[in-house]
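Report on the structure given below.
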Amino acid sequence: MSNRIKLISVTFLYILVSISLNAQKLKNGKKISRDLFGLFFEDINYSADGGLYAELVQNRSFEYTPTEQKDWNPYSFWEYTATGYSFGRISVETNSPINPNNPHYMVLDVEHIGNEAKFTGVSGVGLKNTGFAGIVVKANEKYNFSMFVRQLSKEPISFNISLQTAKGKVLAEAKLTTNSTDWKKYTASLVVSESDENANLVILATSEGKLALDVLSLFPEKTFKNRPNGLRTDLAQLLADMKPSFIRFPGGCLVHGDGLGNMYRWKNTIGPIEERKEQRNIWGYNQTAGLGYFEYFQLCEDIGAKPLPVLPAAVSCQNSGNTWSIGGTGQKVLPLSEMNDYIQEVLDLIEWANGPVTSIWGGKRAAAGHPAPFNLQYVGIGNEDKITPEFEERFKMIFNAITAKHPEIVVIGTVGPSPDGEDFTKGWKFAKELKVPIVDEHYYTSPEWFISNQHRYDTYNRNSTEVYLGEYASWGNKMRNAIAEAAYMTSLERNGDVVRMASYAPLFAKKDYTQWKTDMVFFDNTKVSLTPNYYVQKMFSANQGNYYYDNIILKDEKDMNLAASCVQDSKSGDIILKMVNFGKDAKLFKINLGSFGSIALQAEQSVFAGNADAENTIDKPQTVIPVNSTIKIKKSFEYYTPAMSLTVIRIITKEIK
Ligand code: AHR
Numbered sequence: 003m004s005n006r007i008k009l010i011s012v013t014f015l016y017i018l019v020s021i022s023l024n025a026q027k028l029k030n031g032k033k034i035s036r037d038l039f040g041l042f043f044e045d046i047n048y049s050a051d052g053g054l055y056a057e058l059v060q061n062r063s064f065e066y067t068p069t070e071q072k073d074w075n076p077y078s079f080w081e082y083t084a085t086g087y088s089f090g091r092i093s094v095e096t097n098s099p100i101n102p103n104n105p106h107y108m109v110l111d112v113e114h115i116g117n118e119a120k121f122t123g124v125s126g127v128g129l130k131n132t133g134f135a136g137i138v139v140k141a142n143e144k145y146n147f148s149m150f151v152r153q154l155s156k157e158p159i160s161f162n163i164s165l166q167t168a169k170g171k172v173l174a175e176a177k178l179t180t181n182s183t184d185w186k187k188y189t190a191s192l193v194v195s196e197s198d199e200n201a202n203l204v205i206l207a208t209s210e211g212k213l214a215l216d217v218l219s220l221f222p223e224k225t226f227k228n229r230p231n232g233l234r235t236d237l238a239q240l241l242a243d244m245k246p247s248f249i250r251f252p253g254g255c256l257v258h259g260d261g262l263g264n265m266y267r268w269k270n271t272i273g274p275i276e277e278r279k280e281q282r283n284i285w286g287y288n289q290t291a292g293l294g295y296f297e298y299f300q301l302c303e304d305i306g307a308k309p310l311p312v313l314p315a316a317v318s319c320q321n322s323g324n325t326w327s328i329g330g331t332g333q334k335v336l337p338l339s340e341m342n343d344y345i346q347e348v349l350d351l352i353e354w355a356n357g358p359v360t361s362i363w364g365g366k367r368a369a370a371g372h373p374a375p376f377n378l379q380y381v382g383i384g385n386e387d388k389i390t391p392e393f394e395e396r397f398k399m400i401f402n403a404i405t406a407k408h409p410e411i412v413v414i415g416t417v418g419p420s421p422d423g424e425d426f427t428k429g430w431k432f433a434k435e436l437k438v439p440i441v442d443e444h445y446y447t448s449p450e451w452f453i454s455n456q457h458r459y460d461t462y463n464r465n466s467t468e469v470y471l472g473e474y475a476s477w478g479n480k481m482r483n484a485i486a487e488a489a490y491m492t493s494l495e496r497n498g499d500v501v502r503m504a505s506y507a508p509l510f511a512k513k514d515y516t517q518w519k520t521d522m523v524f525f526d527n528t529k530v531s532l533t534p535n536y537y538v539q540k541m542f543s544a545n546q547g548n549y550y551y552d553n554i555i556l557k558d559e560k561d562m563n564l565a566a567s568c569v570q571d572s573k574s575g576d577i578i579l580k581m582v583n584f585g586k587d588a589k590l591f592k593i594n595l596g597s598f599g600s601i602a603l604q605a606e607q608s609v610f611a612g613n614a615d616a617e618n619t620i621d622k623p624q625t626v627i628p629v630n631s632t633i634k635i636k637k638s639f640e641y642y643t644p645a646m647s648l649t650v651i652r653i654i655t656k657e658i659k
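Just so you know, we're using the numbering used here here: the sequence shown kicks off at 3 and counts up by one.
This is how it looks when you write it as structure tokens:
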């Protein structure tokens, strides 16, 4: 047989294999959720401002206050700067702001611009911003500056905008002249001559006069998918690489907030950035809402994930004002007289996401640049709330209104912060009575807990409310934590007919700005450290299936350190095997793919193994990483899982590369 004929017959045989495999085997599998593994995003640990959100200026709108941090105020992260023997004055004022949501602005009174022959630099009066512990710029790259100015004196005012090293060396500069006594936006492009990790942004008025300044912003031109007001490329890309089914947003405790005034209200986070309402972040800093609902939905679309917004259940966090420390409940509730408006706010979100452009809120989405609907399917109501009668009353009102107007929306309820206990029991009872489709379980606990609770969901009722495991993690970022989670995740796949979704939490943590110790990805202004937990999450979420098969992988069933699952993705036909060994020695697994009929000979294998105490850090980010290879397999084969490991074998059924 010639090589060409051989190739044609192999290809033909292969197509037959794929077709028969897709047609036959899916029937015998148990249908499981397509949306099982997704992401939880909360602006905790500087995840958004100073993190994923690519804005480089800190306190761009002069809205920082001492309620966020004792020594913060509207001047924080800004320095008054006068050069070349110039002088002037600055003050923060609130009369006629750009928008009532953005009340503070800086007034610059330029009294004198120096003109001394001995000074060779740019003479001026203005401000310097130090960014989020320095501004990172790269040689030859473009940075987009913008600011709002209202001239308080009649004459136009000229500006020199520059990026400078800490020692004052100019890396990029541009000039601007104002021409309006109304608030007006001015923009400039800065192309940087050399890279610097600790640059400052300097805005100097170079002619005399008085003016108001607000929303001084600097973005790299290169953001994820080049979106304006966009996201840091490296951080967004590593989320995309995970191929998550969904992204939950904006939290976490950030959702219900520290008191009623601190609840996350979605309408404050859309529209032009100068009209968004900044507020105290429950985790002790400021949130600009620059990464708001629009940017979040856009991110979901850009990486192929379903949005899962979580809205407050009209009650604040029960720990408001640190009441957890006295064992009390600080839960505050919206007065019933405000519930109609609040319910409308929830319904408006659905219209904003899915409504036609001719609707009020669909029109606002279109005006922001997205006429097509975002296809919102899930909405969470409440986060870990204390299950009080007041909570139940409000949740029920919101739930009934959503289901009456939008039966197509799947509502997710909440059952407290623990895997059991009073709120868990009361929350489940309430959700079942109300026929809430899904509830959100949360637990942070030891690796051993995850190993010994792998059968938790085996006995959950399949004909009742389903589970979204919205926040979970074992305490730590070592290999043993990640592998315990991997074992547990095989049990989520096995129970994917009752566990609809799951997301590890929290996602991001900025080095030196961390409020929560165990996180999935650590980063600083330039570097990223992917934890073992990240790799495990990625190996599961990038290898999801929608059919589950028992009895394909055989192992010692008495050994709780061993876990396995076999799923198939009906779109690609690929069969995915996951094998976990939490023990100290290599262990044998036997795989029998006989019931799949013919199978492809080639598979992609990813082995993630390491010392139980191994971890990655910002300075040593690659201590433990998965090792990928292409392997040949047989219908039936044996595999020794290394100690403390997760192995994923993906049998490619449609295409041999
Ligand atoms: O993930 C961190 C926090 O843990 C979340 O904000 C909260 O919901 C949970 O208690």
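From the three backbone atoms N, C-alpha and C, an ideal C-beta is built for every residue, glycine too.
**Message:** Under 8 Å: does the beta carbon of PRO421 sit that close to some heavy atom of the ligand AHR?
**Reply:** no
**Message:** Check whether the stretch 296 to 311 and the stretch 384 to 397 are in contact - that is, three or more C-beta pairs closer than 8 Å.
**Reply:** no
**Exposure of GLY263, with buried meaning 16 or more beta-carbon neighbours within 10 Å** = exposed
**Message:** For a quick check, are the C-beta atoms of THR167 and ASN142 less than 9 Å apart?
**Reply:** no
**Request:** Just tell me which of ILE555, TYR506 and ILE654 has its CA closest to the CA of SER572.
**Result:** ILE654
**Request:** Helix, strand or coil for CYS255, going by three-state DSSP, please let me know.
**Result:** helix
**Message:** Closer than 8 Å to a non-hydrogen atom of the ligand AHR - does that hold for the CB of GLY384?
**Reply:** no
**Asked** CB-CB under 6 Å to SER531, same chain, minus the five flanking residues each way: which ones, in chain order?
**Response** PHE524, ASN618, THR619, ILE620 and PRO623
**Request:** Please name the residue, chosen from TRP326, PHE147, VAL127 and LYS169, that lies closest to MET108 on a Cα-to-Cα basis.
**Result:** VAL127
**Asked** In terms of residue numbering, what span does the beta strand (DSSP E) encompassing ASN497 cover?
**Response** No beta strand (DSSP E) contains ASN497, which DSSP labels as neither H nor E.
**Request:** Have a look at GLU118 and SER88 and give me their C-alpha separation to the nearest angstrom.
**Result:** 9 Å
**GLN166, DSSP secondary structure in three states** = strand
**Asked** Heavy atom of the ligand AHR less than 8 Å from the Cβ of ILE46, yes or no?
**Response** yes
**Asked** Which residues in the same chain as TRP430 place their Cβ atom closer than 7 Å to its Cβ, once the five residues preceding and following it in sequence are excluded?
**Response** VAL417 and VAL441
**Message:** Among the candidates ASN288, LEU240 and PRO230, whose CA atom is the shortest distance from the CA of GLU70?
**Reply:** ASN288
**Prompt:** What do you get for ARG464, buried or exposed, if any count of 16 or more other CB atoms within 10 angstroms of its CB means buried?
**Reply:** exposed
**Item:** Closest by C-alpha distance to PRO158, when choosing among HIS114, LYS212 and ILE205
**Value:** LYS212
**Request:** Assign GLN26 to one of three DSSP states: helix, strand, or coil.
**Result:** Confidence at GLN26 is low in this model, with a pLDDT of 44, below 50, so its placement is unreliable and the value that follows should be read with caution. GLN26 falls in the helix class under three-state DSSP.
**Prompt:** If you measure from the CB of GLY254, is any heavy atom of the ligand AHR nearer than 8 Å?
**Reply:** yes
**Message:** Assuming VAL569 and LEU648 are in contact, meaning their beta carbons sit under 8 Å apart, how far apart are those beta carbons, in whole angstroms?
**Reply:** Wrong, their Cβ atoms sit about 14 Å apart, outside the cutoff.
**Rounded straight-line distance, which links the Cα of TYR298 to that of SER454** = 36 Å
**Request:** Keeping to the same chain, check which residues put their C-beta closer than 8 Å to that of MET541; ignore five residues upstream and five downstream.
**Result:** ALA488, LYS580, SER608, PHE610, PRO628, LEU648 and VAL650
**Item:** Proximal residues to SER195 (C-beta, below 6 Å), its chain only, five neighbours per side dropped
**Value:** LEU173
**Message:** Taking contact to mean 3 or more Cβ pairs, one atom from each stretch, closer than 8 Å, check whether the stretch 386 to 399 and the stretch 419 to 433 are in contact.
**Reply:** yes
**Prompt:** Where does THR325 sit, in a helix, a strand or coil, going by DSSP?
**Reply:** helix
**Request:** Please report the Cβ distance between LYS634 and GLN604, rounded to the nearest whole angstrom; I am assuming they are in contact, meaning their Cβ atoms lie under 8 Å.
**Result:** 6 Å
**Item:** Collapsed DSSP secondary structure at ASP621 in the structure displayed
**Value:** coil
**Request:** Kindly provide the ranges of any alpha helix (DSSP H) runs that are 4 or more residues long and lie completely inside the stretch 195 to 261, ordered along the chain.
**Result:** 235 to 242 and 255 to 258
**Asked** Unbroken alpha helix (DSSP H) runs of length 4 or more, entirely within the stretch 277 to 333: which are they?
**Response** 295 to 305
**Contact test: TYR446 Cβ vs the ligand AHR heavy atom, cutoff 8 Å** = yes
**Prompt:** What's the gap between the Cα of TRP268 and the Cα of GLY123?
**Reply:** 46 Å
**Asked** In chain order, what residues of the same chain have a beta carbon less than 6 Å from the beta carbon of SER493, not counting five sequence neighbours either side?
**Response** GLN456
**Request:** Report the option in LEU206, ASP350 and GLU340 whose CA atom is closest to the CA atom of TYR295.
**Result:** ASP350
**Message:** So, with DSSP's three-state summary, where would you put MET646?
**Reply:** coil
**Item:** Cα-Cα separation between GLY478 and ASP526, rounded to whole angstroms
**Value:** 19 Å
**Item:** PHE42: CB within 8 Å of a non-hydrogen atom of the ligand AHR
**Value:** yes
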